[in-house]
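J.: Pasting in a structure now, in C-alpha cells, and then I'll have a few things to ask.
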Amino acid sequence: GYDHTIRFWEAPTGVCYKTLQHPDSQVNQLQITADRQRIAAAGNPSLRLFEINSGPPSALTTYDGHTSNVTAVGFEADGKWMYTASEDGTLKLWDLRAAGCQREYESGSPINSVALHPNQVEIVSGDRDGNIRVWDLAQNACSAELVPDGDKSIQSLSIARDASTLAAANVRGSVFLWRLGPAPGCGESRASADLEQCGSSAEPAEPTEPAEAREAREARAAARTARRRVRAPRRS
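What follows is the structure, encoded as C-alpha cells:
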C-alpha cells in the first residue's frame, strides 16, 4: 500500500505473519509466481521482485525502464518471463533469466489493465483513452483494437480460464463481453482471431418480476375488472 509495506496474511485467522518493505514508492499491484517462490511489487516507476520462501525475504532484482506508475504486472505460465504496463503508455516484457527489458509496445495512452491470454502468446491491454489492444507476441505487433465506449477509460480486463471470453470494465461502470474465436486452421483460441461482442451492461437490464408477484398482480387486476362490471340495481 501507500505505507511502502507488503503484508502477508493468514486467511483463516486474519493474522499478519510476514512483512516486506518497499522503500522506493507506494505499491500499486502485486503478483505471485505460479510456484509461489517470488512476488513482484509494482511501484513508481520501478518494479521489485522478492524471494519469499528462503530465509528472510529479500529483493532479488529491481526492474527499471518505466517512467511513471507501474499499473500491471504478471507472469507467464512457466515463470520464465513477466510483463508490466505503466501510466507511461508502454507494455514491457522481461526475461527473468536475463537483464533488461526484452520487448516494448507503445499504447500511446496510460495503460490501466493488462491480461495474458491462456495461450501465452497474446496480451490484451486497456488504456485511459478507452482502447483495448491485442498484442501478438509471435507477430511482435498489435493484431486487434477495440473501442467499446468512445474515450471512456478502460479500468479492468479479464480473460476466462478456458479462453472463451474477454471481459472489460470502464470508468462509467459499463462491462463489455467478447467471445474469443479459434485461430484460423486450428482449434486454439486466439483473441485476435474472432472477437464477437456478446454482451454489455452499459444499459441496465429490466428487472425480472417473480412469478408469485406477477400472479398476485394479475389477480388484483382481474378483481378490479370484475367489480367494475357489477352495476348497482336501478331504482324504479
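Numbering (my numbering), first residue to last: 877 to 1112.
Ideal Cβ positions, reconstructed from N, Cα and C, are used throughout, including at glycine.
1. Quick check: Gly-1002 and Leu-1033, are their CB atoms within less than 8 Å of each other?
2. State the Cα-Cα distance for the pair Phe-926 and Pro-932, rounded to the nearest angstrom.
3. Are the Cβ atoms of Thr-947 and Asn-1007 separated by less than 8 Å?
4. Can you tell me whether Tyr-939 sits near the ligand SAH, meaning its C-beta is under 7 Å from at least one heavy atom of the ligand?
5. Taking the C-alpha atoms as reference points, what is the distance between Ile-999 and Lys-1028?
6. Assign Arg-912 to one of three DSSP states: helix, strand, or coil.
7. Short of 7 Å in beta carbon distance, which residues of its chain neighbour Pro-1080, apart from the five on each side in sequence? Order them along the chain.
8. For Tyr-893, which of Phe-884, Glu-982, Ser-934, Arg-924 has the nearest alpha-carbon?
9. Given a cut-off of 8 Å, decide if Leu-936 and Lys-1114 are closer than it, judged by their beta-carbon atoms.
10. Does Arg-865 come out as helix, strand or coil in the three-state DSSP assignment?
11. When burial is assigned at 16 or more other CB atoms within 10 Å of the CB, is Glu-963 buried or exposed?
12. In the DSSP assignment, the beta strand (DSSP E) including Lys-968 goes from what residue to what residue?
T.: Checking against the coordinates, here is how it stands:
1. yes
2. 10 Å
3. no
4. In the structure shown, the ligand SAH is absent, as is every other ligand, since no ligand is present at all.
5. 21 Å
6. coil
7. Residue placement at Pro-1080 is poorly supported in this model, since its pLDDT is 36, which falls under 50; the coordinates are not used for a value here.
8. Phe-884
9. Given that the chain is displayed from residue 877 to residue 1112, the structure contains no residue 1114 and the question cannot be resolved.
10. Coverage of the chain is limited to positions 877 through 1112, which leaves residue 865 absent and any answer about it impossible.
11. buried
12. 966-971
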